[in-house]
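Here is the structure we will look at.
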Amino acid sequence: MNKEEAFRIHVKKVYRILMLIFTLFVFTIGGLVYYIVNPDSLGFNSSKESVAVIPIEVDDDRIENGIHLKTGLKDADGLMLVVNNCTNCHSSKLVTQNRMSTEGWNATIKWMQETQNLWDLGRNQESIVNYLVTNYPPVGKGRRMVLTDVDWYELEN
Amino acid sequence: MKRRDFVKKTTLSSFAVLIGTELVFGSQMLEGYTPLALQKTDPFKLFDKNPEMIVLNDKPWNIEAQTHLLDDKITPNSSMFVRNNGLLPKAIDHRTWTLTIDGESVKNEKTYTLAELKSKFEKHTYQLTIECGGNGRNEFDPPAKGNQWTVGAVHCASWSGVRLRDVLEDVGIKSNAVYIGFHTIDTHLSNDPNKEVISRGCPMPKAMQDETILAFQMNGKDIPLIHGYPLRLVAGGWPASVSGKWVNRISVRDKIHDGPKMTGASYKVPCDPIAPGEKVRDEDMCIIESMPVKSLITYPKSGAIIKKGTSLNIRGHAWAGELEVIKMEYSIDFGSTWKTDTIEKPSNRLAWQHFSTTIDFPKPGYYEVWARATDSNGNAQPMIVPGWNPKGYLNNASHRIAVKVK
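Chains as they are written, first to last, in this note's numbering: chain W, 1139 to 1295; chain V, 103 to 508.
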């Protein structure tokens, strides 16, 4: 075996090792990518109590033109208290649809605590109710309202 | 620290990061809450609804139709209102679904698979009008609490299933039976597994009617999930809340059923009339049974402008709870004069009836077409909002559309 031949065998060995490492590398990366796409594939995350990481748009509490974008609630004193205490179980739409007096809201909160598992609002209750009666006051409707927001269009008979 | 507590704490603090503020009293929140901020869905795609439907509430889902969407004689799914008290059930397997009949007044408790219900009992199909007890709530003054339905919380689809009566007779009912109460598998808004969302029902005579069915099909297909797949109790003519969705158990009771939304002020009106805003004790409230007479002009859509000298064809539907509509009228002068429309007989009892007419307007200008139905007991729809009640039920005031002639 001459020197040149020994060198060639040596190079082949190195080449094989490199190829092996490269192949392992490709498989590992491939596996990782698969795992990222299908996180349940290995069954590590099957526990129901684990925290899911949910991607969400940045700055979810943006306010534009006086409206809290995420909930549609008006920006005023007490806004975040209402967002954090009144939009967990139900939508803010249920809040803004309803127009009540202080007494009515306090009774509704009591009903939610008695039957719907609402937590104790403590000293925040007054601020929350103030926000609601100030920003969403009842509107007088009488016995029948005038038809409003009519969307006029030409009807061809 | 127990793992559960750790997870809860980390969940809450990650909410704080996501929402940008601490959840006040968040530690008192039950496990399993997903703050609404983290939910985003398109209800129209999700439930196959017409994009012109109006979403009143997205948690729980409450969606109503606009009147012009209800023009079909048999309401398609795309125009059917959605009223939910809780969160939608997940992962329903129709192969393992069972219905259990129990309660004080059954001779023996009995359970059926869906396949058994379908094979053992005769299948019946009916068009049934189902209207939310709170349809029209938005017109009450002072305002009444709850989803502010306008006019679109009503539909009349075709339902197929087996008669509840046939099933109850197969089970064997004691003579002391008074009421049936359904049980469903939806989830309470608080995610508390021990809390039942809604469990209402009806007195035995209503339960034993031909048209009171345990439906497994709507408009000839499997019932959509949002409307009660795989099994829904359908009791036409009564508040829609009697037609329980996702029903897996029916209790035959020896007293008036006392499940959630049967008690307090839910689906009840003052037994004796009261002044607007007046307080009523719970014991002075009576359970709503048959819904009142009502009608909707479904064509044309409000806001039509027509040329002078042309006549206007209108059409719509009328219904009267347990009764039949015997007369349909319209007025274009705010009730000074009424003219009759043509009204068809119902395709079966408790189905809404179709009316139509042609209107000529005397001169150019702004008009409102008002519709008024009269039931077989002689009760007609009022032109103004009827008796105020704390929860804003049973508003059957005349429907009206705006028309311009020029």
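For glycine and all other residues, C-beta sits at the position ideal for the given N, C-alpha and C.
Computed from a prediction, not measured in an experiment: that's the story for all the values here.
Which residues DSSP lists as bridging residue i, in chain order
i, result
"GLN455 (chain V)", "V:ALA420"
"ARG355 (chain V)", "V:TYR281"
"VAL184 (chain V)", "V:ILE165"
"VAL256 (chain V)", "V:GLU233"
"GLY303 (chain V)", "V:GLY283"
"HIS329 (chain V)", "In DSSP, HIS329 (chain V) forms no bridge with anything."
"LEU201 (chain V)", "V:TYR214"
"ASP160 (chain V)", "V:TRP163"
"ALA473 (chain V)", "V:TYR432"
"THR227 (chain V)", "V:SER262"
"ARG334 (chain V)", "V:ALA317"
"PRO341 (chain V)", "V:GLU233"
"THR460 (chain V)", "V:ASN415"
"ALA406 (chain V)", "W:TYR1291, V:VAL505"
"HIS1206 (chain W)", "W:ILE1201, W:LEU1211"
Neighbour flag for residue i against chain V, beta carbons, 8 Å
i, result
"THR1240 (chain W)", "no"
"TYR1153 (chain W)", "no"
"ARG1303 (chain W)", "Chain W is shown from 1139 up to 1295; residue 1303 (chain W) falls before or after that span and cannot be answered."
"MET1283 (chain W)", "yes"
"GLU1292 (chain W)", "yes"
"GLY1168 (chain W)", "no"
"GLY1210 (chain W)", "no"
"ASP1289 (chain W)", "yes"
"LEU1158 (chain W)", "no"
"GLY1278 (chain W)", "yes"
"LEU1232 (chain W)", "yes"
"GLN1235 (chain W)", "yes"
Rounded Cβ spacing between residue i and residue j (contact assumed at less than 8 Å)
i, j, result
"GLY339 (chain V)", "THR202 (chain V)", "That pair is no contact at about 26 Å."
"SER445 (chain V)", "ALA420 (chain V)", "Note on identity: in this sequence residue 445 (chain V) is Ile, with Ser being the wrong assignment. That belief holds up - the Cβ atoms of ILE445 (chain V) and ALA420 (chain V) are roughly 6 Å apart, short of 8 Å."
"TYR401 (chain V)", "HIS170 (chain V)", "7 Å"
"PRO191 (chain V)", "TRP348 (chain V)", "5 Å"
Any non-hydrogen atom of the ligand FMN within 7 Å of residue i CB
i, result
"LEU327 (chain V)", "Looking for the ligand FMN in the displayed structure turns up nothing, as the structure carries no ligands at all."
Through-space distance from residue j to residue i, alpha-carbon basis
i, j, result
"CYS258 (chain V)", "GLY1216 (chain W)", "43 Å"
"GLU1143 (chain W)", "ILE1159 (chain W)", "25 Å"
"ALA1214 (chain W)", "ASP384 (chain V)", "36 Å"
"ALA337 (chain V)", "PRO305 (chain V)", "11 Å"
"PRO245 (chain V)", "THR365 (chain V)", "21 Å"
"ASP462 (chain V)", "LYS410 (chain V)", "9 Å"
"LEU414 (chain V)", "SER180 (chain V)", "27 Å"
"TRP490 (chain V)", "ASN479 (chain V)", "22 Å"
"SER343 (chain V)", "LYS1212 (chain W)", "33 Å"
"LEU327 (chain V)", "ALA193 (chain V)", "10 Å"
"GLU224 (chain V)", "THR215 (chain V)", "15 Å"
"ASN481 (chain V)", "HIS290 (chain V)", "39 Å"
"ALA255 (chain V)", "MET182 (chain V)", "8 Å"
"THR1253 (chain W)", "LYS447 (chain V)", "44 Å"
"PRO362 (chain V)", "SER1265 (chain W)", "30 Å"
"ASP1199 (chain W)", "MET1218 (chain W)", "9 Å"
"GLU154 (chain V)", "PRO178 (chain V)", "14 Å"
"GLY46 (chain V)", "ASP294 (chain V)", "With chain V covering only 103 through 508, there is no way to say anything about residue 46 (chain V)."
Exposed unless 16 or more other CB atoms sit within 10 angstroms - verdict on residue i
i, result
"GLN483 (chain V)", "buried"
"ALA504 (chain V)", "buried"
"ALA139 (chain V)", "Confidence at ALA139 (chain V) is low in this model, with a pLDDT of 41, below 50, so its placement is unreliable and no value can be given for it."
"TRP1290 (chain W)", "exposed"
"ILE300 (chain V)", "buried"
"CYS234 (chain V)", "buried"
"HIS501 (chain V)", "buried"
"ASP1258 (chain W)", "exposed"
"ARG1146 (chain W)", "exposed"
"VAL395 (chain V)", "buried"
"GLY1103 (chain W)", "No answer is possible for residue 1103 (chain W): the residues shown for chain W start at 1139 and end at 1295."
"GLU124 (chain V)", "Residue placement at GLU124 (chain V) cannot be trusted, given a pLDDT of 44 that sits under 50; what the coordinates show is reported in the next sentence. By the 10 Å Cβ count, GLU124 (chain V) comes out exposed."
"PHE457 (chain V)", "buried"
"GLU351 (chain V)", "The sequence shown places Arg at residue 351 (chain V), rather than the Glu named in the question. With 16 or more Cβ atoms within 10 Å of its Cβ, ARG351 (chain V) is classed as buried."
"GLU313 (chain V)", "buried"
"THR459 (chain V)", "buried"
"HIS196 (chain V)", "exposed"
"GLN455 (chain V)", "buried"
Cβ of residue i within 8 Å of any chain W Cβ
i, result
"GLN250 (chain V)", "yes"
"ARG474 (chain V)", "no"
"VAL269 (chain V)", "no"
"ASP150 (chain V)", "no"
"ARG417 (chain V)", "no"
"GLU380 (chain V)", "no"
"VAL371 (chain V)", "no"
"SER438 (chain V)", "no"
"ILE328 (chain V)", "no"
"GLU298 (chain V)", "no"
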